[in-house]
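The block underneath contains the structure these notes are about, expressed in structure tokens.
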Amino acid sequence: MTRESYTQQAAVKWFRMQYPQYAKLLIHIPNEGKRNTKLIRTRNGYKTICTSGARLRAEGMVKGASDLVLFIARGRYHGLCLETKTETIDGNGKKVRTYQSPEQKQWQDEVERQGYMYAVYRNVEEFVDIVNGYLTR
8 MTRESYTQQA AVKWFRMQYP QYAKLLIHIP NEGKRNTKLI RTRNGYKTIC TSGARLRAEG
68 MVKGASDLVL FIARGRYHGL CLETKTETID GNGKKVRTYQ SPEQKQWQDE VERQGYMYAV
128 YRNVEEFVDI VNGYLTR
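Numbered according to my numbering, the sequence shown spans residues 8 to 144.
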């Protein structure tokens, strides 16, 4: 598991404990890059192929979609989209951050134009501040 996964799991756990009445309204969009693979035999030997990418796209997977969506309207917003990124300190004391991909930035622009709030958080404390601020609008 990645640091982003641990951060997201902790954020979701906090949310479900803090807001049990809304627990089913915070959902994860499974857009990770992990895919099922299969080894097939060809005339030239063996080849590994992805067996789930096309199916996932056909089912509606969209590159760049946020990790979490909170389906609660507040103020002028229809809901809250949350993207999990991380910030750590490496062995030399330097900050190492993960950033949104171009597809994630494009998706952010599109959902914001449709009336959704979008936020990036790097730790559970930021998640708590964003969610509490959003829900008290």
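Ideal placement from N, C-alpha and C gives every residue a C-beta, glycine not left out. No experiment lies behind these values; they were computed from the predicted model shown.
| query | result |
| --- | --- |
| Can you list the beta strand (DSSP E) stretches of 3 or more residues lying completely in the region 18 to 95, in chain order? | 33 to 35, 44 to 49, 52 to 57, 75 to 77 and 87 to 91 |
| Can GLN111 and GLY86 be called in contact, C-beta distance under 7 angstroms? | no |
| Candidates SER12, ARG10, ILE96 and ALA18: which alpha carbon is nearest ASP136's? | ALA18 |
| If you run the structure through DSSP and keep just helix, strand and coil, what is THR143? | coil |
| When you compare only the Cα positions, how much space is there between LEU32 and LEU77? | 6 angstroms |
| Taking Cβ positions, are THR95 and VAL103 nearer each other than 7 angstroms? | yes |
| What is the rounded straight-line gap between the Cα of ASP116 and the Cα of ASN99? | 35 angstroms |
| Would you decide whether ARG42 is buried or exposed? Buried here means 16 or more other CB atoms lie within 10 Å of its CB. | For ARG42, the predicted structure reports a pLDDT of 49, less than 50, and the residue's modelled location is therefore unreliable. A value from the coordinates is still provided. Looking at its Cβ environment, which holds fewer than 16 other Cβ atoms inside 10 Å, ARG42 is exposed. |
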